[in-house]
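A short worksheet on the structure shown next.
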DNA sequence: GATAAACGTTGGCCTATCCAACGTTGGCGG
DNA sequence: CCGCCAACGTTGGATAGGCCAACGTTTATC
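Protein chains in written order, with the working numbering: chain A, 1 to 115; chain B, 1001 to 1115.
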């Protein structure tokens, strides 16, 4: 499934779909800060791997609604686990409170800039 | 000079040259974590803009020693100033002590992983 | 009913990163 | 001394990511 290599954009789209639920491609791109055209390519990949479904929107025929499949959800879980391990290895020099502090500071920076 | 667009790799190489002093291309790449072949392209750009000098190493004729020119040094100063402004804007949500804390934590992570 | 806007899609350009290969030069062991 | 291997700078190619322009289709606006 999905060829051997895992792309960051695959993860971003899968995680976005889980977080936001079914969505149009354009809206997904807006929320992820990705270009519409790049979303298309990622979805083509993910759809070929059965991780994602594209459904014609009945109310607005310009739109296609994208949704995670069960395969996609379990694939995302795999990736989440792997990411967790990598993140732990990366932050291993820090104690747990230091990690929390770091996350809090970065979160603060992100929050204020997304408004 | 150097065409209008500023590349991150330009800055990396200029800053590396200032920090490390004159160096062979391969050694520069090693210290910056960049591939030899990519260093070549950046140096071609920088040399065309007179920011950098390539000198044949007399002791080892395989090597070329790269050094910052005065033009390069002043260009680097420009970029440093611009970068400082962007960084300030980015970290604006944080108080000065928070910024210091963030830098310290990130530095800790970096340090432990470069050994 | 005409004009403009949003949608998905294609294609292109550029930066960044990585890897393979080449010819040249230096170091080393037999 | 010579042959082999390693390091050097360089070229070229592959892939990922980001951005933008254009198209045909569909919807909204005036």
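Positions of the beta carbon are idealized from the N, C-alpha and C atoms, including for glycine.
- [ ] Give every residue of the same chain whose Cβ lies closer than 7 Å to the Cβ of residue 56 of chain A, excluding the five residues on either side of it in the sequence, and list them in chain order.
- [x] As a position in the first chain, residue 56 of chain A is number 56, starting the count at 1. The residues are 64.
- [ ] Measure from the C-beta of residue 1093 of chain B to each C-beta in chain A and report whether the shortest distance is under 8 Å.
- [x] The residue you call residue 1093 of chain B lines up with position 93 of the second chain. Yes, its Cβ sits closer than 8 Å to a Cβ of chain A.
Open item on the list: Nearest by alpha-carbon distance to residue 96 of chain A: which of B:1023, B:1105 and B:1100 is it?
Closed with: Reading the first chain from its first residue, position 96 is the one you call residue 96 of chain A. Residue 96 of chain A has its Cα closest to that of B:1105, out of B:1023, B:1105 and B:1100.
Open item on the list: Taking its Cβ as the centre, do 16 or more other Cβ atoms sit within 10 Å of residue 85 of chain A, making it buried, or is it exposed?
Closed with: As a working mapping, residue 85 of chain A is identified with position 85 in the first chain. By the neighbour-count rule (16 or more Cβ atoms within 10 Å), residue 85 of chain A is not buried but exposed.
Open item on the list: Does any residue of chain A have a CB that is nearer than 8 Å to the CB of residue 1046 of chain B?
Closed with: Taking the first residue of the second chain as 1, we reach residue 1046 of chain B at position 46. So, not an interface residue.
- [ ] Tell me, please, whether the region 71 to 91 of chain A touches the region 1041 to 1051 of chain B by the rule of three or more beta-carbon pairs shorter than 8 Å.
- [x] no
Task: Within chain A, partners of residue 1052 of chain B - CB distance below 8 Å - done: Position 52 of the second chain holds residue 1052 of chain B. The contacting residues do not exist; residue 1052 of chain B stays about 33 Å from chain A at best.
TODO: Quick one: measure Cβ to Cβ for residue 1066 of chain B and residue 1054 of chain B, integer angstroms, because I've assumed they're closer than 8 Å.
DONE: Position 66 of the second chain holds residue 1066 of chain B. Position 54 of the second chain holds residue 1054 of chain B. So it is a contact: roughly 6 Å between Cβ atoms.
- [ ] Taking residue 1109 of chain B as the query, report the chain A residues whose CB atoms sit under 9 Å from its CB, ordered along the chain.
- [x] As a working mapping, residue 1109 of chain B is identified with position 109 in the second chain. Neighbours of residue 1109 of chain B on chain A, chain order: 90, 91, 92, 93, 94 and 102.
Open item on the list: So within the region 6 to 71 of chain A, which uninterrupted beta strand (DSSP E) runs reach at least 3 residues, ignoring any that extend past its ends?
Closed with: 52 to 56 and 64 to 68
Task: Rounded separation between residue 14 of chain A and residue 59 of chain A - CA only - done: Residue 14 of chain A sits at position 14 when you count from the first residue of the first chain. Residue 59 of chain A sits at position 59 when you count from the first residue of the first chain. Taking the straight line from one Cα to the other gives about 24 Å.
TODO: Using 10 angstroms around the beta-carbon of residue 82 of chain A, count the other beta-carbons present and answer buried if the total reaches 16, otherwise exposed.
DONE: Numbered from its first residue, the first chain carries residue 82 of chain A at position 82. Counting Cβ neighbours within 10 Å, residue 82 of chain A comes out exposed, since fewer than 16 surround it.
Open item on the list: Quick check on DSSP: helix, strand or coil for residue 119 of chain A?
Closed with: With chain A covering 1 to 115 only, the question about residue 119 of chain A has no answer from this structure.
Open item on the list: Is the separation between the beta-carbon of residue 10 of chain A and that of residue 46 of chain A shorter than 8 Å?
Closed with: Indexing the first chain from 1 puts residue 10 of chain A at position 10. Indexing the first chain from 1 puts residue 46 of chain A at position 46. Cβ distance < 8 Å, so residue 10 of chain A and residue 46 of chain A count as in contact.
TODO: Please check if any C-beta of chain A sits within less than 8 Å of the C-beta of residue 1098 of chain B.
DONE: As a working note, residue 1098 of chain B is residue 98 in the second chain. Closer than 8 Å: yes.
TODO: State yes or no: is the beta carbon of residue 132 of chain A nearer than 8 Å to at least one beta carbon in chain B?
DONE: Given a span of 1 to 115 for chain A in the structure shown, any question on residue 132 of chain A remains unanswerable.
Open item on the list: As a quick exercise: from B:1073, B:1111 and B:1036, pick the residue whose alpha carbon is nearest that of residue 1026 of chain B.
Closed with: Here residue 1026 of chain B is taken as the residue at index 26 of the second chain, counted from 1. The residue with the shortest Cα to Cα distance from residue 1026 of chain B is B:1036.
Task: Alpha carbon of residue 5 of chain A to alpha carbon of residue 1019 of chain B, nearest angstrom - done: The residue given as residue 5 of chain A occupies position 5 in the first chain. The residue given as residue 1019 of chain B occupies position 19 in the second chain. Spanning the two alpha carbons is a distance of roughly 37 Å.
Task: Status (buried if at least 16 other CB within 10 Å, exposed otherwise) for residue 16 of chain A - done: As a first step, residue 16 of chain A is located in the first chain; it is residue number 16 there, counting from the start. Buried is the call here.
Open item on the list: Considering only their Cβ atoms, is the gap separating residue 1050 of chain B from residue 1069 of chain B smaller than 8 Å?
Closed with: Residue mapping note: residue 1069 of chain B aligns to position 69 of the second chain, counting from 1. Residue mapping note: residue 1050 of chain B aligns to position 50 of the second chain, counting from 1. Yes.
Task: Inter-residue Cα distance where the pair is residue 1038 of chain B and residue 61 of chain A - done: Residue numbering aside, residue 1038 of chain B sits at position 38 when the second chain is read from its first letter. Residue numbering aside, residue 61 of chain A sits at position 61 when the first chain is read from its first letter. Whole-angstrom Cα-Cα distance: 46 Å.
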